[in-house]
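In what follows, a structure is listed as structure tokens, so that the remarks can point back to it.
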Amino acid sequence: MTDSTQPKLEIRPMTPADRPWRLWALNGNACRDGRPIEPAGAEALFSGAAAFAPERGDIGFIAQTRAPSCKPNRSGSDVVGCAWARFDSGTAGQLDAAMPELVVHVDDHFRDGGTGSVLVGRVLQEGRRAGWAGVSVTCAEDNPAVQFFARLGFEAVSGGKEGVYRMVFTPQINSVAVYCGSSMGRREIYRDTAEELGRHLGRRGKTLVYGGGNIGLMGVVAQAALDAGGQVTGVITDYLRDKEIAHEHLDRLEIVATMAARKSRMIELSDAFVALPGGTGTLEELTEIMTNLQLVPGAGPMVFVNAGGYWTPFLQFLKHMVDEGFLARRYYDSLIVVDTVDEMFTALDSWVPPGTKWVAGIMRRR
Numbered sequence: 001m002t003d004s005t006q007p008k009l010e011i012r013p014m015t016p017a018d019r020p021w022r023l024w025a026l027n028g029n030a031c032r033d034g035r036p037i038e039p040a041g042a043e044a045l046f047s048g049a050a051a052f053a054p055e056r057g058d059i060g061f062i063a064q065t066r067a068p069s070c071k072p073n074r075s076g077s078d079v080v081g082c083a084w085a086r087f088d089s090g091t092a093g094q095l096d097a098a099m100p101e102l103v104v105h106v107d108d109h110f111r112d113g114g115t116g117s118v119l120v121g122r123v124l125q126e127g128r129r130a131g132w133a134g135v136s137v138t139c140a141e142d143n144p145a146v147q148f149f150a151r152l153g154f155e156a157v158s159g160g161k162e163g164v165y166r167m168v169f170t171p172q173i174n175s176v177a178v179y180c181g182s183s184m185g186r187r188e189i190y191r192d193t194a195e196e197l198g199r200h201l202g203r204r205g206k207t208l209v210y211g212g213g214n215i216g217l218m219g220v221v222a223q224a225a226l227d228a229g230g231q232v233t234g235v236i237t238d239y240l241r242d243k244e245i246a247h248e249h250l251d252r253l254e255i256v257a258t259m260a261a262r263k264s265r266m267i268e269l270s271d272a273f274v275a276l277p278g279g280t281g282t283l284e285e286l287t288e289i290m291t292n293l294q295l296v297p298g299a300g301p302m303v304f305v306n307a308g309g310y311w312t313p314f315l316q317f318l319k320h321m322v323d324e325g326f327l328a329r330r331y332y333d334s335l336i337v338v339d340t341v342d343e344m345f346t347a348l349d350s351w352v353p354p355g356t357k358w359v360a361g362i363m364r365r366r
């Protein structure tokens, strides 16, 4: 139960100068069942863990009482809690170079008022904006805080990582952009796969976003989604409306002025992106999505439905980019490549964002 007499708190951004409070937090977490370590000993023990560098992407917040007359923490200070996430922690708790490790501590007098949830919530909010893949935290299995992290959505990490929990910033997928050819291609498997994809999207209640045409694989995937009871949004330029024979029975058809506007609008409307077989227009669209994975925080997953092995040569070329040092391995590994539509939805449920290429001006090379 929240103490109604508890004073309101001020939440402010953490700075490197808040090192004493990070030491206080680390000390409190380590000695939760006993007496805290003396300051000199805490500095020696937690020196590296207390580092905080906004220039490498670290984010944190401090909670403090708003006036000296407010109830202080047990050490007599107005700081009652702090939470931060730092890269390059050097511990087993940091699972990935794009996923920092979280530390949170709240004074005993203030743990029933939701202070920890507010602090962690602010860190997670800013981390999403910064393009983190997620965040991890280390917490002993017998620590009551395990339940706190579980309520926030953290899950235990398997594979020998006892006491490590993580939250992956996987986007919620309600709408899916499909890029594909305005022709049918030479093999029947292309048409069959487009029809199957549209049908699955419709049955699963996912809105299809596509180029708005009624010809080629574009028309097949749209009609299959409509026939399955799905919602379909088309985006097409005024110039192409007649040439590609715009679909007349969509739930929504948006007419835009340029191809650039068409691509941008499809991205705005979509949570995930799927490539079926197509030509140079399809290739241009999907490479922009892959670039966004590197540069745009919160960019959604890119799926290649490799019908009949169509995308294999292109995927081999991407691997060549990795081998030659022009594409970080994490972005190649983040691409979802499936042979069937059924596999796609399973893969989307477990997708882990790769994190942005640049964090606070620093390029991640791996």
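Numbering-wise (UniProt numbering), the sequence shown opens with residue 1 and increments by one.
Every residue gets a Cβ at the ideal spot worked out from N, C-alpha and C, and that includes glycine.
Everything numeric in this text was worked out from a predicted model, so none of it was measured.
Coarse secondary structure for residue i, derived from DSSP in three states
i, result
"Y282", "Checking the sequence, you will find Thr at residue 282 rather than Tyr. In the structure shown, T282 sits in a helix (DSSP, three-state: H, G or I)."
"A63", "strand"
"E196", "helix"
"M167", "strand"
"P354", "coil"
"R56", "helix"
"V235", "strand"
"G213", "strand"
"A42", "helix"
"L240", "helix"
"P72", "Per-residue confidence for P72 stands at a pLDDT of 42, beneath the threshold of 50, marking its modelled position as unreliable; the derived number appears in the next sentence. In the structure shown, P72 sits in coil (DSSP, three-state: anything other than H, G, I, E or B)."
"D3", "Low per-residue confidence applies at D3: pLDDT is 44, beneath 50, and the placement is therefore not dependable, though the value from the model is reported in the following sentence. Residue state, collapsed to three classes: coil."
"A25", "helix"
"P144", "coil"
"I173", "coil"
"R203", "helix"
"A275", "strand"
"L250", "coil"
"V220", "helix"
"I255", "strand"
"E10", "strand"
"A50", "coil"
"A156", "strand"
"T15", "coil"
Beta-carbon gap between residue i and residue j smaller than 9 angstroms
i, j, result
"V176", "S117", "no"
"A328", "V178", "no"
"G121", "F169", "no"
"T237", "A257", "yes"
"I245", "G213", "yes"
"D112", "G81", "no"
"V146", "R166", "no"
"A25", "H109", "no"
"G234", "G205", "no"
"G131", "T356", "yes"
"A272", "M302", "yes"
"A63", "E101", "no"
"residue 451", "C139", "Examination of residue 451 is not possible in this model, given that the chain is present from 1 through 366 alone."
"W351", "S334", "yes"
"F314", "L283", "yes"
Closest by C-alpha distance to residue i, when choosing among the options
i, options, result
"A307", "V296, T193, R329, G230", "T193"
"G309", "L102, I189, V146", "I189"
"L45", "R56, G298, D58, R22", "R22"
"G181", "V103, V221, N174, R166", "V221"
"G48", "P16, R12, K357", "P16"
"K8", "A145, A51, T65, E55", "T65"
"D78", "S350, A53, R12", "R12"
"V338", "D242, R187, A347", "A347"
"G185", "G278, A130, T282, A140", "G278"
"I255", "G113, Y239, Y331, D112", "Y239"
"E285", "P297, R262, G300", "R262"
"L253", "V232, E268, N29", "V232"
"A299", "Q172, D251, K161", "Q172"
"L124", "V103, P20, R187, E343", "V103"
"E126", "F326, P54, I215", "P54"
"G57", "M14, N27, G28, R19", "M14"
"I267", "H249, L250, P20, M290", "M290"
"R203", "P144, F345, G28", "F345"
"V341", "E195, F148, L119, R19", "E195"
Cβ-Cβ separation, residue j to residue i (assumed contact under 8 angstroms), whole Å
i, j, result
"G60", "A83", "6 angstroms"
"L208", "L217", "About 13 angstroms separates the two Cβ atoms, so there is no contact after all."
"P354", "A98", "6 angstroms"
"P297", "R86", "At roughly 18 angstroms, the Cβ-Cβ gap does not stay under 8 angstroms, so P297 and R86 are not in contact."
"L226", "V305", "Actually they are not in contact, since the Cβ atoms of L226 and V305 sit about 19 angstroms apart, beyond 8 angstroms."
"A228", "R199", "5 angstroms"
"Y332", "K319", "7 angstroms"
Distance cut-off 8 angstroms: residue i Cβ against heavy atoms of the ligand ZN
i, result
"T258", "Although the ligand ZN was asked about, the structure shown includes no ligands whatsoever."
Residue-level contact to chain D via CB, residue i, 9 angstroms cutoff
i, result
"E126", "The displayed structure is made up of one protein chain only, and chain D is not part of it."
4-residue-minimum alpha helix (DSSP H) runs that sit fully inside the region 80-138, ordered along the chain: As far as the region 80-138 is concerned, its whole alpha helix (DSSP H) runs of at least 4 residues are 115-130.
Alpha helix (DSSP H) runs contained entirely in the region 287-347, provided each spans 4 or more residues: Taking only runs of at least 4 residues, the alpha helix (DSSP H) segments lying wholly in the region 287-347 are 312-323, 329-334.
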